[in-house]
Every structure is written in structure tokens, then in C-alpha cells.
Amino acid sequence: MAQETAQVLAKRILRLMLCRLLVVSVFLSTAVWVLDIDIDLFYALIVLVLALSLIYLVWLATHKRLVLLGYTQLMFDLLIETVCIHYTGGVDSVFVALYLLSIVGASVVLPPGAHIVSAAASSFLYAGLMVLEYFRLAPVLFSIPTILPSPAHDWLYVVYMAYVRITIFCLVGM
44 MAQETAQVLA KRILRLMLCR LLVVSVFLST AVWVLDIDID LFYALIVLVL ALSLIYLVWL
104 ATHKRLVLLG YTQLMFDLLI ETVCIHYTGG VDSVFVALYL LSIVGASVVL PPGAHIVSAA
164 ASSFLYAGLM VLEYFRLAPV LFSIPTILPS PAHDWLYVVY MAYVRITIFC LVGM
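If you want it as C-alpha cells, here you go:
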């Protein structure tokens, strides 16, 4: 019974990995032409996702600690999504929808309760990013400027957008 459960989880994780590669390819390719993000960021994120996917694939082949593998993938996905949001407009980024894909992915692949963890982590990361960007504390890595290098909105707008989006994360998580 436990062997069958591990095999089912391994198949789900493999499907999640393939879906991740497809989504990253489509979203980042679109962003390069539509949003005019820096090509260095594009390549850095593609290389990071591919390198992580190889590590996940090797881990998956061991068939050990698959639940931990799933949670590890989830957390790295959320961190990468946060970086995408930061470099593509922050509070106004269209990439906030990627958090929703991670929440749904966690609910489908991981054991019960993972969707709540994913929604909470998405909320925490998004709120933290909004605070860091508003106070101009968010780092700019690789000398890549963000689309909106300084906050163009007042505090009330940022709080409102964070509230709306975090509410959506929690609703999808439930």
C-alpha cells in the first residue's frame, strides 16, 4: 500500500515538474516580448528552473522523502515567482497569477493541508515584497532594473492591492 502511494506521488510530482517547465517557458517567453523584461533576467530564471528541475529529477529517482521533495519544489517555485513579480512591476505585475498556479499545484500533488501552506507562504512572500518595494529596500540583482524602479503608488494603493491579492490566495487555498 505504501509502495503504491509513493508511486502515485512520484507520478504527480513528475507531472508537476513537466507543467512547471511548460509554464515557465510560456510565461517568460511572453514576458520578454510583451513586457520587455531584461534578457539577462530571462536567461537567469530559465537556467535556475532547469537546474532545479534536474536536481528534483535526481531526487525523484531515489523515491525517498517525496513529500519533502514536493514541499521543496513548492517553496522554490514561490521564491522564483516572487522574483518575477519584483522584476515585472511589483504591485502592478501580471505575474501575481503564478502564485495561484502554485496553490492549485500544491492541492493536487501534495498531501492534504499543502494548499493552506502554499496560500500562507504566497501571502507572506507577496506582502513582504510589497513592503520591501514600497520602502525601496528590495534588492536589484544582476544590475537588472525593474520595470518600475521606484514606487509610483501611495501606501493606501499598495495595501489595498496586497489585501485583494492575499484574499484571493486564501480563497483559492480553501
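Going left to right, the sequence shown walks through residues 44 to 217 as our numbering numbers them.
Beta carbons: idealized from backbone N, C-alpha and C, even for Gly.
To the nearest whole angstrom, what separates the beta carbons of leucine 111 and leucine 103, a pair I think is in contact under 8 Å? Locating residue 111 in the sequence shown gives position 68, where the first residue counts as 1. Locating residue 103 in the sequence shown gives position 60, where the first residue counts as 1. That belief does not hold up - the Cβ atoms of leucine 111 and leucine 103 are roughly 11 Å apart, past 8 Å.
Identify which residue in Val67, Ala49 and Val174 has its Cα closest to the Cα of tyrosine 206. In the sequence shown, counting from the first residue as 1, residue 206 sits at position 163. When each option's Cα is compared against that of tyrosine 206, the closest is Val174.
Return the CA-CA distance between leucine 172 and leucine 71, expressed in angstroms with no decimal places. Position 129 of the sequence shown, counted from the first residue, corresponds to residue 172. Position 28 of the sequence shown, counted from the first residue, corresponds to residue 71. Between leucine 172 and leucine 71, the C-alpha separation is close to 20 Å.
Chain-order list of residues whose beta-carbon lies under 6 Å from that of alanine 149 (same chain, five-residue window excluded): Within the sequence shown, residue 149 is the residue found at index 106, counting from 1. So the list reads Leu117, Ala157, His158 and Ser161, once near-sequence residues are dropped.
Who are the Cβ neighbours of cysteine 127 in its own chain at under 6 Å, not counting the five residues just before and after it? For the purposes of this step, residue 127 is identified with residue 84 of the sequence shown, where counting begins at 1. Within the same chain, cysteine 127 has close Cβ partners Phe138.
For the putative contact between arginine 55 and valine 151, defined by C-beta atoms under 8 Å, what is the C-beta separation to the nearest angstrom? One-based indexing of the sequence shown puts residue 55 at position 12. One-based indexing of the sequence shown puts residue 151 at position 108. Correct: roughly 7 Å between the Cβ atoms.
Can you say whether phenylalanine 212 is buried or exposed, counting buried as having 16 or more other CB atoms within 10 angstroms of its CB? Position 169 of the sequence shown, counted from the first residue, corresponds to residue 212. Classification of phenylalanine 212: buried, given that the 10 Å Cβ count is 16 or more.
Along the chain, where does the alpha helix (DSSP H) containing aspartate 120 start, and where does it finish? Taking the sequence shown and counting its residues from 1, one reaches residue 120 at position 77. Here the alpha helix (DSSP H) through aspartate 120 covers 109 to 130.
Assigned exposure category for alanine 94 - 16 Cβ within 10 Å defines buried: Mapped onto the sequence shown, residue 94 falls at position 51. Exposed is the call here.
Expressed to the nearest angstrom, what Euclidean distance is found between the alpha-carbon atoms of alanine 181 and leucine 88? For this step, residue 181 is matched to residue 138 along the sequence shown. For this step, residue 88 is matched to residue 45 along the sequence shown. If I take the Cα positions, the gap works out to 18 Å.
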